[in-house]
RNA sequence: GCCAGUGUAGCUCAGUUGGCCAGAGCAGCUGAUUUGUAAUCAGCUGGUCGGGGGUUCGAAUCCCUCCACUGGCUCCA
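In the working numbering, the protein residues as written are 37 to 678.
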């Protein structure tokens with residue numbers, strides 16, 4: 037007998053070799069119907085797999101992450117079966133579950149799948165799901181597995197097998213499809229009731245662009261049609277938040293083909309937001325002891341050779357222009373220019389930390405396929421600053437930058453983000469990263485310690501560091517789920533030496549400063565793109581391009597409206613009058629569509645009483661106010677950035 | 001850059017298997033209307049069908065090529 041412990045602490049005895057499905061059935065038939073997999077001693081197992089000894093068992097339903105991923109993993113196999121039946125000879129690479137659904141990579145030879153094929157594959161999947169085929173697990177010797185795939189001529193699975201240990205290899209079969217797979221899977225295909233293949237895309241084998249491009253099909257499945265429908269509605273809702281759509285509708289920015297891809301033009305409404313953000317940044321940075329500088333948009337080749345950028349990032353820079361025999365580059369980063377400001381004067385330890393800030397304009401030649409609205413562009417305005425400090429000052433300075441982030445995130449109500457400690461990859465030293473193994477480990481430890489001391493949760497990711505040092509990146513997601521770095525806080529142990537930057541220390545010796553590169557508000561482009569989606573276009577009052585729209589009921593009250601406008605402008609409130617000879621309902625509708633925070637309606641009643649009828653966007657009629665009273669409440673709301 | 005797709009008026013979209021001057025709604029303009037909390041009415045303007053080349057008696061529709069965009073991959077200081 038074996039002893040099974042459930043999550044609530046209850047223990048029960050079962051015959052050895054009992055499967056988790058049988059255990060579930062012994063508890064209740066209802067439970068057995070709703071479970072997809074079981075967590076056995078922390079590992080997700082098939083329900084049909086026999087348990088061999090005492091264990092902790094937790095049943096996984098659709099609502100558990102482990103349940104969903106098992107469901108989607110099995111769905112990937114179902115899709116593979118459908119594809120194989122329609123495209124005989126197709127070879128499969130890997131088909132994992134992902135955040136929302138699953139994909140499978142495959143080599144179709146000289147055939148290709150277009151989006152119109154997806155529906156046919158879906159249809160086939162539905163057919164196969166209805167057969168309710170059982171997913172069967174089979175342990176297999178490595179030799180036999182190699183034989184199987186050698187006969188099949190499948191070099192991809194053979195490649196996978198190379199890295200697997202004998203005795204640890206399993207095959208899964210459902211219907212006519214057998215795959216090398218570590219599992220686990222749901223009991224049978226019948227549970228998959230709703231299927232949507234979302235897109236087909238190319239993906240390099242093993243993610244390396246030197247390798248062959250495989251075909252990747254993305255899909256998502258659900259246990260009920262209702263859940264799929266809800267998911268599709270959610271996708272539609274997300275599209276309405278897309279900053280590319282909102283940016284156009286609200287007159288924030290435009291991208292013109294003739295100006296160039298990835299080169300946004302900021303329209304008047306967008307420019308107001310830019311100016312408000314810069315005001316916030318300048319005030320905060322002044323308070324935090326930064327000094328402002330301004331630097332040119334270009335620099336000589338030698339500058340970027342000295343900094344070390346050219347060998348690492350030349351491909352991402354616009355090609356050089358040659359003038360009088362000298363090559364100049366458009367700057368892709370501000371740091372070399374700032375370093376030259378540090379170098380321009382003799383520096384004493386008494387000046388440190390020296391914090392140089394600039395909203396710098398940079399140009400990066402991003403690959404054409406990577407451009408994405410405002411989130412990935414070729415011209416960007418960075419909330420940049422470089423902090424030159426001693427080693428002793430580092431922790432405090434780095435933490436102060438983190439505090440600045442958190443202050444901003446609070447203002448903007450940004451809650452969904454992940455702080456990522458981006459580390460170097462030792463395998464790429466000298467190639468992608470400056471070849472200073474000890475300095476890497478040392479600075480990485482310094483940053484880690486600051487984060488731990490500040491009790492800020494973070495994840496560590498190898499291979500995401502800057503070429504000159506580790507960094508903390510703040511990761512966010514666009515409305516359609518793409519991940520971006522919103523803000524960054526980086527250590528630089530390399531450029532100080534490369535530029536020969538020194539200060540005189542207390543012992544009257546020259547010493548190289550550590551440098552922190554930071555951009556808490558990222559770039560205007562990405563930050564405003566993010567804010568558009570974050571607020572769904574409903575900007576808080578202090579950021580709203582038009583804060584108040586005055587709507588006269590008829591021409592008769594136009595004069596009174598103009599008076600009100602004058603008063604609002606006196607208080608620096610951004611207001612406009614809708615002077616069209618439209619009905620009030622129409623004026624309200626248009627102002628609502630433009631997501632203007634406050635509408636004030638002035639008719640003969642208001643003109644006679646010297647009042648305003650106030651309407652709040654998305655809320656409705658707020659009643660009658662005296663002009664001064666209303667302006668005061670606006671000013672408070674603006675000041676508090678509510 | 002790579003794979004797959006898309007490109008018709010400022011916007012959202014129709015345009016049957018290639019066939020009469022390429023359509024609609026919204027927006028814009030002009031006029032009428034003077035209006036009370038999410039669309040007043042009428043008339044009008046507006047498109048070298050992404051650019052170029054080709055096939056054809058004839059191309060928005062078929063082919064080639066370039067550009068841009070979309071979804072991914074690679075990349076992301």
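Even glycine gets a Cβ: it sits at the ideal position worked out from N, Cα and C.
Residue i, buried or exposed, once every other Cβ within 10 Å from all chains shown has been counted against 16
i, result
"residue 362", "exposed"
"residue 270", "exposed"
"residue 228", "buried"
"residue 11", "Absent from the model: residue 11. The displayed extent of the chain is 37 to 678, so no value can be given."
"residue 332", "exposed"
"residue 409", "buried"
"residue 347", "exposed"
"residue 48", "exposed"
"residue 600", "buried"
"residue 152", "exposed"
"residue 248", "exposed"
"residue 617", "exposed"
"residue 629", "exposed"
"residue 218", "exposed"
"residue 542", "exposed"
"residue 317", "buried"
"residue 642", "buried"
"residue 259", "buried"
Own chain, CB closer than 8 angstroms to residue i, minus 5 neighbours either side, in chain order
i, result
"residue 296", "414"
"residue 197", "178, 181, 182, 185, 205 and 216"
"residue 487", "438, 455, 457, 494 and 508"
"residue 337", "346, 356, 362, 363, 364 and 365"
"residue 634", "577, 583, 584, 585, 650, 651, 652, 653 and 670"
CB of residue i within 8 angstroms of CB of residue j, strictly
i, j, result
"residue 565", "residue 528", "no"
"residue 422", "residue 345", "no"
"residue 655", "residue 666", "no"
"residue 441", "residue 502", "no"
"residue 490", "residue 435", "yes"
"residue 255", "residue 291", "no"
"residue 400", "residue 368", "yes"
"residue 391", "residue 539", "no"
"residue 67", "residue 74", "no"
"residue 278", "residue 569", "yes"
"residue 117", "residue 210", "yes"
"residue 220", "residue 129", "no"
"residue 614", "residue 623", "yes"
"residue 445", "residue 567", "no"
"residue 122", "residue 160", "yes"
"residue 546", "residue 425", "no"
"residue 224", "residue 170", "yes"
"residue 520", "residue 484", "no"
"residue 420", "residue 555", "yes"
"residue 289", "residue 299", "no"
"residue 294", "residue 352", "no"
Anticipated Cβ contact below 8 angstroms, residue i with residue j, distance rounded
i, j, result
"residue 461", "residue 498", "5 angstroms"
"residue 94", "residue 43", "5 angstroms"
"residue 83", "residue 38", "That pair is no contact at about 17 angstroms."
"residue 320", "residue 411", "Residue 320 to residue 411, Cβ: 24 angstroms. No contact."
"residue 581", "residue 309", "6 angstroms"
"residue 585", "residue 620", "About 12 angstroms separates the two Cβ atoms, so there is no contact after all."
"residue 157", "residue 264", "Not a contact, Cβ separation roughly 16 angstroms."
"residue 154", "residue 236", "6 angstroms"
"residue 531", "residue 669", "Actually they do not touch by this definition, with Cβ atoms about 49 angstroms apart."
"residue 36", "residue 266", "For residue 36 there is no data in the structure shown, the boundaries of the chain being 37 and 678."
"residue 416", "residue 559", "4 angstroms"
Cutoff 7 angstroms; reference residue i; Cβ partners in own chain excluding five residues on either side
i, result
"residue 177", "202"
"residue 90", "38 and 39"
"residue 312", "578 and 579"
"residue 70", "97"
"residue 162", "231"
Same chain, Cβ closer than 6 angstroms to residue i, five either side skipped, listed in chain order
i, result
"residue 72", "96, 103, 106, 107 and 222"
"residue 597", "586, 588, 613 and 638"
"residue 143", "127 and 250"
Any non-hydrogen atom of the ligand MG within 7 angstroms of residue i CB
i, result
"residue 354", "With respect to small molecules bound, the structure shown includes none, and the ligand MG cannot be examined in it."
Does the segment 571–579 touch the segment 460–474, meaning 3 or more C-beta pairs lie closer than 8 angstroms? Taking 8 angstroms as the limit for Cβ pairs, the verdict is that the segment 571–579 does not touch the segment 460–474.
Do the segment 576–593 and the segment 465–476 make contact, defined as three or more Cβ pairs closer than 8 angstroms? Touching, no.
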